[in-house]
Amino acid sequence: MHDYFPNERNDPNYMSTTPYYRRIDLPAGDLHVFAADDLFHAMGAKVLEMANNNLQIPNIRYMSYTPDAHVGVGTCIGTTAVWGAGDGFVSPSIVGSDIGCGMRVHLTNLDAADLRDVKVRRKLVKAIEKRIPVENHARGFFSDIRLDDVLRKGLHGLPNKYVPDGYTPRKATSLTHVECSRFRYEEDALNRIPEPLWHRAHRQLGTLGGGNHFIEIQALETDEANRGIAERWGLRDGQVAVMIHSGSRAWGGAVNQYSGSEVAKTMHRLGLGTGDPKLAFAPLGSDAGRTYTALMKSALNFAVANRHLMAYAVRDAFKEVFGTQAELRTLYDLMHNYAGEESHGGEELFVHRKGTTKALPAGHPDNPEPYRETGHPALIPGSMGTSSYLMVGAEGGGRNYHSICHGAGRVRSRNATKQLVKVDEFASSLRIGQEDEIVVNHKGLEAILDESPQAYKDVDRIIDSVVGAGLAGVVAKCRPLAAIKGV
DNA sequence: ATGTCC
Numbered sequence: 001m002h003d004y005f006p007n008e009r010n011d012p013n014y015m016s017t018t019p020y021y022r023r024i025d026l027p028a029g030d031l032h033v034f035a036a037d038d039l040f041h042a043m044g045a046k047v048l049e050m051a052n053n054n055l056q057i058p059n060i061r062y063m064s065y066t067p068d069a070h071v072g073v074g075t076c077i078g079t080t081a082v083w084g085a086g087d088g089f090v091s092p093s094i095v096g097s098d099i100g101c102g103m104r105v106h107l108t109n110l111d112a113a114d115l116r117d118v119k120v121r122r123k124l125v126k127a128i129e130k131r132i133p134v135e136n137h138a139r140g141f142f143s144d145i146r147l148d149d150v151l152r153k154g155l156h157g158l159p160n161k162y163v164p165d166g167y168t169p170r171k172a173t174s175l176t177h178v179e180c181s182r183f184r185y186e187e188d189a190l191n192r193i194p195e196p197l198w199h200r201a202h203r204q205l206g207t208l209g210g211g212n213h214f215i216e217i218q219a220l221e222t223d224e225a226n227r228g229i230a231e232r233w234g235l236r237d238g239q240v241a242v243m244i245h246s247g248s249r250a251w252g253g254a255v256n257q258y259s260g261s262e263v264a265k266t267m268h269r270l271g272l273g274t275g276d277p278k279l280a281f282a283p284l285g286s287d288a289g290r291t292y293t294a295l296m297k298s299a300l301n302f303a304v305a306n307r308h309l310m311a312y313a314v315r316d317a318f319k320e321v322f323g324t325q326a327e328l329r330t331l332y333d334l335m336h337n338y339a340g341e342e343s344h345g346g347e348e349l350f351v352h353r354k355g356t357t358k359a360l361p362a363g364h365p366d367n368p369e370p371y372r373e374t375g376h377p378a379l380i381p382g383s384m385g386t387s388s389y390l391m392v393g394a395e396g397g398g399r400n401y402h403s404i405c406h407g408a409g410r411v412r413s414r415n416a417t418k419q420l421v422k423v424d425e426f427a428s429s430l431r432i433g434q435e436d437e438i439v440v441n442h443k444g445l446e447a448i449l450d451e452s453p454q455a456y457k458d459v460d461r462i463i464d465s466v467v468g469a470g471l472a473g474v475v476a477k478c479r480p481l482a483a484i485k486g487v
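Using the numbering used here, read the first sequence as starting at 1 and increasing by one per residue.
Now the structure itself:
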């Protein structure tokens, strides 16, 4: 693979059309990159090599990177890849290993001033920790819920007691804001997953998981560019919000394991392959493709229900600390690792998002009804100690199938970060020991050193690129006050 | 990401 970072003037294949967008003619097809120049050049040649392999999958219509793109297994995190629904392919590699990984945001009726005392933040973190296990082999507190119901019906499979605002599919309340509270699929595929994995997944309901997953208590800062939308969404400056970042836990892993071998067999039988043996894909209409797609959707149901259950536990923790008048209203739940059928420009397509977030603009018919006029919230996490963002799609996002970034994007590996970053540096970036410290549920930070902000790009610059490219706008910045992390 | 090698 030759160098794809040539001098722009010397290479006729290198096209730059705007400061935040370029189309790159790779040997296997076109790659669209939405990023400021320096962020693009920082991505590295491996990122483009991976795109070239992904573009070798037959019938691909479109592939792009967001500014937070970085190397992943088979496919970069930060990829949007589109096929036609009729002659399309599905790729477990372009969905990613943590199927249904995504974000959920709840709005409270509290103000940042209510959490100014560091002791209050500590009390809240402890109260959350008590209800949401984060340790290795963690077991959740929701054994009364049937896993089968969750996998088949998503949020609609939860008992009423876990839906505090009285949501039922017939009764429109705040939960109708939630993106795809139920994914439908060919349920026979569930039989592929062996019994022990069902038990494991059942035990994990209501647990956070490790890596970049987190629960954060944040203070909102609305952006003047979209203050009208902020008001319509019920946001106000200084308002305390809860952000949850988690995925489908071991269930998603089981889906990858048990449908992955069938996908590999299908590729072999059909003589399919690319430059990367780890890049897995199958025709949408093949048995393997259908099985994977069905099981993937079961994992999406698991992920959205799991985030919902954690929010239920957090709501309970808030009531313990702040009294029964404390509220946690659902703003939105939106994943950034998935694939599914979507209609764009009147065409039925199959869209993959791996570490990219859908952000529909105002008026788009696919917005849930309560967000039809404003566009739905696009939930973007920052790294530890840095702000997260509530975004809204812009009209111009249509040229990227309404996909934006999914966060800061890793800039160095977990191992490299542990070598490079010192615990003291991490602690000072969280202002540990100061009155305004970001309270974390770990006594020592060694266990989560690989999550220090030094491991990530600057999320503010990622957001600048997304806004600069005309894909989305900022509605509010979410400043962290406290964080719960797994290991 | 993941019961990260039952």
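Where is the CB? At the ideal position from N, CA and C, for every residue including glycine.
- The beta-bridge partner set that DSSP reports for Ala299 is empty.
- His268 sits in a helix when the DSSP states are folded into three classes.
- CA-to-CA, the gap between Ala483 and Ser383 works out to about 11 angstroms.
- Counting the other Cβ atoms within 10 Å of the Cβ of Leu420 gives fewer than 16, which makes it exposed.
- For Asp68, the secondary structure class from DSSP, reduced to helix, strand or coil, is strand.
- The Cβ atoms of Ala469 and Phe40 do not sit closer than 7 angstroms to each other.
- Remark: C-beta atoms of His202 and Thr330 do not approach each other more closely than 7 angstroms.
- Here Met391 carries a strand assignment [DSSP, helix/strand/coil].
- In the structure shown, the three-state DSSP call for Pro361 is strand.
- In the DSSP annotation of this structure, the continuous segment of the alpha helix (DSSP H) that includes Thr417 starts and ends at Arg414 to Leu420.
- Contact between Ala81 and Val47 is absent: CB atoms are separated by about 14 angstroms, not below the 8 angstroms threshold.
- Counting only runs that start and end inside the stretch 194 to 228, the beta strand (DSSP E) elements of at least 3 residues fall at 214 to 222.
- With respect to the 7 angstroms criterion, Phe214 and Lys422 are not classified as neighbours on the basis of their beta carbons.
- In this structure Tyr185 is not in contact with Ser97, their Cβ atoms being roughly 19 angstroms apart against a cut-off of 8 angstroms.
- Looking at the backbone, the Cα of Ala264 and that of Ala254 are separated by about 16 angstroms.
- Fewer than three beta-carbon pairs drawn from the stretch 387 to 397 and the stretch 52 to 69 are found closer than 8 angstroms, and the two stretches are therefore not classed as touching.
- DSSP places Met43 outside both helix and strand once states are collapsed to three, so it counts as coil.
- DSSP places Val423 in the helix class (H, G or I) of the three-state scheme.
- Between Glu179 and Pro480 a beta carbon distance of about 24 angstroms is seen, past the 8 angstroms cut, so the two are scored as non-contacting.
- For Glu446, the secondary structure class from DSSP, reduced to helix, strand or coil, is helix.
- 7 angstroms or more divides the Cβ of Gly100 from the Cβ of Gly260.
- In the three-state reduction of the DSSP assignment, Pro133 falls in the coil class, being assigned neither a helical nor a strand state.
- Distances from the CA of Glu446 to each of Arg414, Lys319, Gly74 and Leu360 were compared; the closest alpha carbon is that of Arg414.
- Taking all protein chains shown into account, Lys130 has fewer than 16 neighbouring C-beta atoms within 10 Å of its C-beta and is therefore exposed.
- The beta carbon of Asp287 sits closer than 8 angstroms to the beta carbons of Glu262 and Thr266 from its chain, once the five residues preceding and following it are set aside; these are given in chain order.
- Asp148 is classed as exposed because its beta carbon has fewer than 16 other beta carbons within 10 Å across all chains shown.
- In the structure shown, the three-state DSSP call for Leu107 is strand.
- Taking each of Gly102, Asn306, Asp188 and Val467 in turn and checking the Cα distance to Arg290, the smallest one comes out for Asp188.
- Beta-bridge analysis with DSSP links Cys405 to no other residue.
- Assignment of Pro381 by DSSP, reduced to helix, strand and coil, places it in the coil class.
- For Tyr62, the beta-bridge partners assigned by DSSP are Val82.
- The way I'd put it, the stretch 232 to 242 doesn't touch the stretch 446 to 463; fewer than three beta-carbon pairs between them come closer than 8 angstroms.
- Each of Val467, Leu110 and Pro164 was checked against the Cα of Asp316, and the nearest Cα belongs to Pro164.
- If you draw a straight line from the Cα of Leu349 to the Cα of Phe142, it comes to about 37 angstroms.
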